[in-house]
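Participant: Can you read through this structure? Questions will come right after.
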Amino acid sequence: GLVPPMESIPLAEEMGLIVPIGKGVLHEACRQLKEWQARFPRETSLSMAVNLSPKQFSQPNLVAHVADALSQYGLQPRCLRLEITESMIVENAAYTAAMLGQLQGLGVQVYLDDFGTGYSSLSYLHRLPFDAIKIDREFVEEMTRSAKAFQLVDVVRTLAQNIGGIVIAEGVETTEQLIALRDLGCEHAQGYYFSKPLDGAGVGALVGEDA
Numbered sequence: 001g002l003v004p005p006m007e008s009i010p011l012a013e014e015m016g017l018i019v020p021i022g023k024g025v026l027h028e029a030c031r032q033l034k035e036w037q038a039r040f041p042r043e044t045s046l047s048m049a050v051n052l053s054p055k056q057f058s059q060p061n062l063v064a065h066v067a068d069a070l071s072q073y074g075l076q077p078r079c080l081r082l083e084i085t086e087s088m089i090v091e092n093a094a095y096t097a098a099m100l101g102q103l104q105g106l107g108v109q110v111y112l113d114d115f116g117t118g119y120s121s122l123s124y125l126h127r128l129p130f131d132a133i134k135i136d137r138e139f140v141e142e143m144t145r146s147a148k149a150f151q152l153v154d155v156v157r158t159l160a161q162n163i164g165g166i167v168i169a170e171g172v173e174t175t176e177q178l179i180a181l182r183d184l185g186c187e188h189a190q191g192y193y194f195s196k197p198l199d200g201a202g203v204g205a206l207v208g209e210d211a
């Protein structure tokens, strides 16, 4: 049966399988996106986000793997978004800065995922080249019940926008959360409010409704 990511990913890392799995996921993501772009040519903003594990991000040939996937499927680099977490920054900030620079040199976008749950300093936000910061779902879930959570979301949104990045709220599940985010001026969000996880056919049908 299905094994949830919270169980499968740590196991894959422990067994040394996360790097080849991650490479396969990257290639499949690029292939699938290219297929959707050909199917829905008027949806010019279609892009794909791919999470990178810490071990995958630490591989010296990561940039070459990304470039190979883009070339193999003829995908425009700007359509690929690679997401990393705060823990990767803390481990080696200098390496992270160099790797992010190389990835952005390819033309891909780099997102900081689950912001607010790690231990990194806010100083990284202006020193590292992130295209977007994603506010962790824990704060979004509480923002309509807690004034502190609401203020924290507003602080991160303001900070991200002031340094030229996009801010994305994760875990939006209710109309109240969406309204609160709009009132703050947060222009991007994701979560079950919009759609639960879907397979390739389900996503294709969803995109086709607006095409």
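Just so you know, our numbering puts 76 at position 76 of the sequence shown, and the rest follows in order with no gaps.
Just so it is clear, CB atoms sit at the ideal spot from N, CA and C, and this is done for glycine as well.
Measuring only the C-alpha atoms, how far is Gln151 from Gly107?
Facilitator: 34 Å
Participant: What residue range does the beta strand (DSSP E) around Ile84 cover?
Facilitator: Taken as a continuous stretch (DSSP letters only), the beta strand (DSSP E) holding Ile84 covers 80 to 85.
Participant: Identify, in the order they occur along the chain, each residue of the same chain with its Cβ nearer than 8 Å to the Cβ of Val50, setting aside the five sequence neighbours on each side.
Facilitator: Val25, Leu26, Ala29, Leu80, Arg81, Leu82, Glu83
Participant: Take Met48 and list the residues in its own chain whose beta-carbon comes closer than 8 Å to its own, dropping the five residues that flank it on each side.
Facilitator: By the criterion of a C-beta distance shorter than 8 Å, Met48 is surrounded in its chain by Ala29, Cys30, Gln32, Leu33, Cys79, Leu80, Arg81, once the five residues flanking it on both sides are discounted.
Participant: Taking just the CA atoms, how far does Asp114 sit from Gly191?
Facilitator: CA-to-CA, the gap between Gly191 and Asp114 works out to about 13 Å.
Participant: Going by Cα to Cα distance, which pick from Gln72, Val19, Gln37 is closest to Pro54?
Facilitator: Residue Val19 is the option with its Cα nearest to Pro54.
Participant: Which residue spans inside the segment 1 to 59 form an unbroken beta strand (DSSP E) run of at least 3?
Facilitator: 48 to 51
Participant: Would you decide whether Ile179 is buried or exposed? Buried here means 16 or more other CB atoms lie within 10 Å of its CB.
Facilitator: exposed
Participant: Please name the residue in Trp36, Leu52, Thr174 whose C-alpha comes closest to that of Leu75.
Facilitator: Residue Trp36 is the option with its Cα nearest to Leu75.
Participant: Determine the burial state of Gly202: buried for a count of at least 16 other Cβ atoms within 10 Å of its Cβ, exposed for fewer.
Facilitator: exposed
Participant: What is the C-beta distance between Val110 and Ile135, in whole angstroms, given that I count them as a contact (C-beta under 8 Å)?
Facilitator: With a Cβ gap of about 16 Å, Val110 and Ile135 do not count as contacting.
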